[in-house]
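Sequential numbering from 692 applies to the sequence shown in the working numbering. Beta carbons: idealized from backbone N, C-alpha and C, even for Gly. In what follows, a single structure is set out as structure tokens and then discussed.
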Amino acid sequence: MIPADRNKQYMQLCWVVPDLEASIAKWVAQSGAGPFFTFEDVHFEGGRYRGAPSDIAPHRAAIGQHGDMQIELIQPTQDVPGIWSEVVPHGGFGFHHTALYCEDYEAEKRALLANGAELAFEGLMMGATTGYLDTVATLGFMTELITANPVAEQVFGAFRTAAEGWDGSDPIRTLG
């Protein structure tokens with residue numbers, strides 16, 4: 692049985708893309724998602740990749756809303772082993788992960804690990820723990836766990852607010 696308190700609400704879908712701006716343009720034109728907020732040179736504090744100290748693989752990112760779902764696009768910036776290239780070869784295009792926003796990060800992590808997932812990467816983002824669990828063998832993609840926290844609430848709220856009634860203008864933005 693699945694415990695009743697298990698988080699069953701994916702809040703984000705992520706694709707690895709070869710060209711961030713071109714991918715944003717396609718998402719806006721074909722699905723109406725957006726606007727997209729870009730993040731350059733993303734880093735995590737205290738990161739561990741497959742058990743060894745490591746920052747997350749270098750990348751640029753953009754996040755926009757499509758209804759209640761976040762759409763994240765990741766463009767790796769270096770051809771190095773890491774969380775992105777484990778699923779999508781460098782320079783390629785493909786679905787990478789879903790994300791769960793967790794009130795109890797450790798409980799969600801334990802549940803996934805108990806069902807065969809492996810911890811691929813874990814570190815601090817926005818002052819709270821974020822992890823990528825390797826669920827590729829069972830689900831076909833990674834699963835990201837994001838610890839619920841006030842900074843993330845504020846940032847994710849800004850994405851939702853910008854998307855409400857959005858008319859398609861200014862599709863690429865930055866926060867702040």
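Under 9 Å between C-beta atoms of residue i and residue j
{"i": "residue 772", "j": "residue 802", "result": "no"}
{"i": "residue 823", "j": "residue 839", "result": "no"}
Straight-line Cα distance separating residue j from residue i
{"i": "residue 785", "j": "residue 704", "result": "11 Å"}
{"i": "residue 805", "j": "residue 857", "result": "42 Å"}
{"i": "residue 715", "j": "residue 750", "result": "15 Å"}
{"i": "residue 758", "j": "residue 847", "result": "13 Å"}
{"i": "residue 732", "j": "residue 763", "result": "15 Å"}
{"i": "residue 800", "j": "residue 700", "result": "15 Å"}
{"i": "residue 826", "j": "residue 833", "result": "5 Å"}
Same chain, Cβ closer than 7 Å to residue i, neighbours up to 5 away in sequence not counted
{"i": "residue 746", "result": "734, 735, 738"}
{"i": "residue 722", "result": "757"}
Spatial neighbours of residue i in its chain, beta-carbon cut-off 6 Å, leaving aside the 5 residues before and after
{"i": "residue 730", "result": "752"}
{"i": "residue 817", "result": "842, 843"}
{"i": "residue 830", "result": "none"}
Of the residues the options, the one placed nearest residue i, counting alpha carbons only
{"i": "residue 809", "options": "777, 713, 723", "result": "777"}
Close beta carbons around residue i, own chain, < 8 Å, minus the five adjacent residues each side
{"i": "residue 850", "result": "728, 754, 755, 756, 761"}
{"i": "residue 783", "result": "707, 709"}
Per DSSP, cross-strand counterpart(s) of residue i
{"i": "residue 809", "result": "825"}
{"i": "residue 786", "result": "706"}
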